[in-house]
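Taking it in order: structure first as structure tokens, then the write-up.
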Amino acid sequence: MVHHRFLLITYPIVLVNTIDDIRMIPIGPLIPSAFLDGKDHNDTSFGGDIIHGITNDYVTWLDSKPKLSVVYVSFGSLAVLTNGGNSNIVKWCSHNSFNY
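In the working numbering, the protein residues as written are 55 to 154.
So, in structure tokens, the structure goes:
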């Protein structure tokens, strides 16, 4: 603990908000449908390949929407929403004219 405080005093940290400068790189779903929900049994390829297979469909879709009208909702990999929870989010986005 003392060593940690010494480091903070000796080497101060400057935290800068650069979120606007971060480039978006889509990696797609990391768990294929065949293993996750079984809706698409042909989808057995694990995502996350940022070199091969990237399409710009998301850019085309985003570009077709008015500026500041898209909401990205993510709950991480541990959250599990009920169908009611999902529909409430969809209703809220639709009611407030947000794309999602």
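Using N, Cα and C, we set each Cβ at its ideal position, and we do this for glycine too.
- One Cα belongs to K93, the other to S148, and the distance between them is close to 25 Å.
- Beta-carbon to beta-carbon, N153 and S128 are separated by about 15 Å, too far to satisfy the 8 Å threshold.
- For S141, the enclosing alpha helix (DSSP H) stretches over residues 137-149.
- When DSSP states are grouped into helix, strand and coil, V113 belongs to the helix group.
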